[in-house]
Amino acid sequence: MSSVSVDMGRRIRSKRKKMGIMQYKLADKLDISNNHMSAIENGKENISLDLLLRICRELDVTPDYLLLGSMDTQNAPKDIMDKLKVCKPETVKLVSKFIDMMMDME
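All letters in the sequence shown, in the order written, are residues 19 to 124 by our numbering.
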């Protein structure tokens with residue numbers, strides 16, 4: 019199992035739980051077995067592009083978030099991105115943690 023699959027599986031599980039969706043219900047919406055969904059979340063199975071896109075739609079995330087752990091910056095306002103570009107790396111990490119906390123509150 020690759021680290022990309024493991025990390026992606028963790029992000030899928032985390033987002034699913036934050037949304038309050040049971041694993042078997044997501045599997046049902048995706049028309050896959052619960053065992054297959056479990057294997058995906060545990061990074062034991064690779065998924066097709068079609069399934070990746072269906073998961074993204076159900077969890078309201080972008081493929082780059084599931085694959086890389088970051089959202090496409092084209093969706094962020096330009097002024098925010100410009101300000102972050104001039105910040106120190108420590109400040110960017112702090113902003114990222116703040117955003118994570120805000121997302122946990124949703």
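Just so it is clear, CB atoms sit at the ideal spot from N, CA and C, and this is done for glycine as well.
This structure is a prediction, so every number in the text was calculated from the model and none was measured.
Exposure label - residue i; buried when at least 16 CB within 10 Å
{"i": "residue 59", "result": "buried"}
{"i": "residue 38", "result": "exposed"}
Cα-Cα separation between residue i and residue j, rounded to whole angstroms
{"i": "residue 113", "j": "residue 119", "result": "10 Å"}
{"i": "residue 68", "j": "residue 49", "result": "12 Å"}
{"i": "residue 80", "j": "residue 88", "result": "9 Å"}
{"i": "residue 22", "j": "residue 85", "result": "7 Å"}
Among the options, nearest to residue i - alpha-carbon criterion
{"i": "residue 75", "options": "28, 33, 123 and 24", "result": "33"}
{"i": "residue 56", "options": "67, 47 and 42", "result": "42"}
{"i": "residue 31", "options": "61, 47, 51 and 20", "result": "61"}
Residue i, DSSP secondary structure in three states
{"i": "residue 8", "result": "The structure shown does not extend to residue 8, since the chain is modelled only from 19 through 124, so no value can be given for it."}
{"i": "residue 50", "result": "coil"}
{"i": "residue 80", "result": "coil"}
{"i": "residue 108", "result": "helix"}
{"i": "residue 56", "result": "helix"}
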